[in-house]
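Protein chains in written order, with the numbering used here: chain W, 5 to 258; chain V, 17 to 92.
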């Protein structure tokens with residue numbers, strides 16, 4: 005069969021989401037951020053919230069998220085995205101407000117903002133991308149870095165006696181009464197991507213229905229920071245990150 | 017014999033040659049181009065075995081840069 009017989013718009017099964025624009029992404033090849041951006045664009049489009057969604061972008065690799073998805077964005081100071089999201093949601097209760105944060109932003113400098121926003125039960129979605137490293141600044145140790153995992157500031161691996169234990173912030177947030185959905189997902193293969201999309205959709209619906217704070221954690225890779233190929237980084241994540249950060253719903257109140 | 021026939025269109029300028037789609041493909045259709053590069057200098061992906069493509073879109077789901085469009089038809 006001829007290729008040009010297949011390549012017709014009626015046969016299209018998958019393409020770049022409409023809300024993602026043509027700006028080339030600054031992320032490293034194979035970065036999980038790209039897939040998560042695509043999921044956000046798809047979910048916003050499917051729920052018909054293009055005109056209503058306001059994203060809060062963090063400091064970190066995703067600082068330029070506003071360049072890639074065609075919705076309204078606000079750029080927050082380091083770690084302060086949940087505080088800004090609180091203000092935006094309270095002033096515009098009809099809008100869909102989400103934050104997009106990395107582990108350095110959410111689990112280190114922004115721990116207070118995150119915990120208190122979740123404890124107040126603000127009707128926002130917190131998207132948490134956990135790659136266990138400070139990717140943008142050169143791969144330093146983050147609070148979520150695994151025990152024994154080498155980074156540029158702990159080249160011999162994280163030492164518990166010196167650096168303390170890795171922080172499971174999603175488990176912490178699941179204890180709070182303000183959260184209605186706390187789930188941990190990943191995007192390393194097609195099945196995981198589909199599952200993650202479902203979780204993200206549920207989170208967005210919760211926020212619109214005023215059920216409380218939804219937290220969607222994505223266990224993801226940082227191939228540049230981990231000094232691996234994207235393929236090997238996915239494998240490393242499955243072998244090392246998943247036992248410590250098991251996937252699935254930590255809390256899901258219907 | 018597969019019931020579906022698919023085809024992948026690559027936005028070669030957007031592709032960063034991360035190889036994730038090549039790994040995700042269940043029927044070994046894709047490959048990074050061994051010689052050609054795009055304007056950024058990345059070896060972009062292309063269809064090595066276009067006949068084996070079943071249009072499952074696994075490559076599209078895992079592509080971080082959204083450079084793959086997948087088309088599928090039912091064979092008769």
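Glycine is no exception: its CB is placed at the ideal position from the N, C-alpha and C atoms.
Using the three-state DSSP reduction, which class does residue 67 of chain V fall into: helix, strand or coil? In the second chain, the residue the question calls residue 67 of chain V occupies position 51. Correct three-state label for residue 67 of chain V: helix.
Inter-residue CB distance, residue 214 of chain W and residue 182 of chain W (contact presumed, cutoff 8 Å): Position 210 of the first chain, counted from the start, is the residue given in the question as residue 214 of chain W. Position 178 of the first chain, counted from the start, is the residue given in the question as residue 182 of chain W. That pair is no contact at about 12 Å.
Same chain, Cβ closer than 6 Å to residue 85 of chain W, neighbours up to 5 away in sequence not counted: Position 81 of the first chain, counting from 1, holds the residue named residue 85 of chain W. Only 60, 62, 103, 105 meet the Cβ criterion.
Applying the criterion that 16 or more other CB atoms from any shown protein chain within 10 Å of the CB defines a buried residue, is residue 14 of chain W buried or exposed? Within the first chain, the letter at position 10 stands for residue 14 of chain W. Exposed is the call here.
Does the beta-carbon of residue 30 of chain W have 16 or more other beta-carbons within 10 angstroms, so that it is buried, or is it exposed? The sequence position of residue 30 of chain W within the first chain is 26, counting from 1. Under this definition residue 30 of chain W is an exposed residue.
Looking only at its chain, what residues have a beta carbon closer than 7 Å to the beta carbon of residue 238 of chain W, apart from the 5 residues adjacent to it on each side? Walking along the first chain from the start, residue 238 of chain W turns up at place 234. For residue 238 of chain W, where only same-chain residues beyond five positions count, the Cβ hits under 7 Å are 192, 225.
Heavy atom of the ligand NAD less than 8 Å from the Cβ of residue 187 of chain W, yes or no? No copy of the ligand NAD occurs in the structure displayed, which carries no ligand at all.
Do residue 220 of chain W and residue 131 of chain W have their CB atoms nearer than 9 Å? As a working note, residue 220 of chain W is residue 216 in the first chain. As a working note, residue 131 of chain W is residue 127 in the first chain. Yes.
Is the beta carbon of residue 122 of chain W sitting closer than 9 Å to the one on residue 204 of chain W? Here residue 122 of chain W refers to the residue found at position 118 of the first chain. Here residue 204 of chain W refers to the residue found at position 200 of the first chain. No, they are not a contact pair.
Which term fits residue 228 of chain W, buried or exposed, when burial requires 16 or more other beta carbons within 10 angstroms of its beta carbon? In the first chain, counting from the first residue as 1, residue 228 of chain W sits at position 224. Buried, by the Cβ-count rule.
Buried or exposed, going by whether 16 or more other CB atoms sit within 10 Å of the CB of residue 133 of chain W? Sequence index remark: in the first chain, residue 133 of chain W carries index 129 (1-based). Under this definition residue 133 of chain W is a buried residue.
Looking at the structure shown, is residue 188 of chain W part of a helix, part of a strand, or coil, going by DSSP? Numbered from its first residue, the first chain carries residue 188 of chain W at position 184. Correct three-state label for residue 188 of chain W: strand.
Where does residue 53 of chain V land, buried or exposed, given buried means 16+ other C-beta within 10 angstroms? Taking the first residue of the second chain as 1, we reach residue 53 of chain V at position 37. Per the 10 Å Cβ criterion, exposed.
Would you identify the three-state DSSP class for residue 118 of chain W, choosing helix, strand or coil? Counted from its first residue, the first chain places residue 118 of chain W at position 114. Three-state DSSP puts residue 118 of chain W in a helix.
Quick one, which residues of the stretch 67–91 of chain V are near chain W if we go by CB-CB under 7 Å, in chain order? 71, 73, 74, 76, 77, 78, 80, 81, 82, 85, 86, 87, 88, 89
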